[in-house]
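Residue numbers (numbering that gives the first Met the number 0): 0 to 88.
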Amino acid sequence: MNEEQAQVLSRGTNCAVVQLPGRAFPGIHVQGDTFAALLTQLADAARLLRQDRDHRGALDDLDHAVREVEGLLSFYQATLSERGIRRPY
Numbered sequence: 000m001n002e003e004q005a006q007v008l009s010r011g012t013n014c015a016v017v018q019l020p021g022r023a024f025p026g027i028h029v030q031g032d033t034f035a036a037l038l039t040q041l042a043d044a045a046r047l048l049r050q051d052r053d054h055r056g057a058l059d060d061l062d063h064a065v066r067e068v069e070g071l072l073s074f075y076q077a078t079l080s081e082r083g084i085r086r087p088y
């Protein structure tokens, strides 16, 4: 195991913005259960849309997943802004 210390720039409910040693930009650490749930939503929606393009539940799952990712990105961007760090994109 490689023991390195990451600097935690900000903590959210299910995620944190962290700066790893040697990296130019911070990253987002997402709790494993949150990440797994997000992947499940996306995979289920993709499967349902392949089976039936008019499946409303799949679109609801996708909308929820998009909102989750938007929230993560917004938290990331706010943390970078507060720290005076430019965005990598």
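All C-beta atoms, glycine included, are put in the ideal place defined by N, C-alpha and C.
Predicted model only: the values in this text are computed from it and were never measured.
Residue burial classification, residue i (beta-carbon count within 10 angstroms, cutoff 16)
i          : result
residue 71 : buried
residue 6  : exposed
residue 65 : exposed
residue 88 : exposed
residue 78 : buried
C-beta contact flag for residue i and residue j at 9 Å
i          : j          : result
residue 44 : residue 60 : yes
residue 25 : residue 84 : yes
residue 37 : residue 17 : no
Residue span of the beta strand (DSSP E) that contains residue i, given as start and end
i          : result
residue 28 : 26 to 29
residue 10 : 6 to 10
residue 15 : 14 to 18
Span of the alpha helix (DSSP H), counted from its first residue to its last, around residue i
i          : result
residue 63 : 55 to 82
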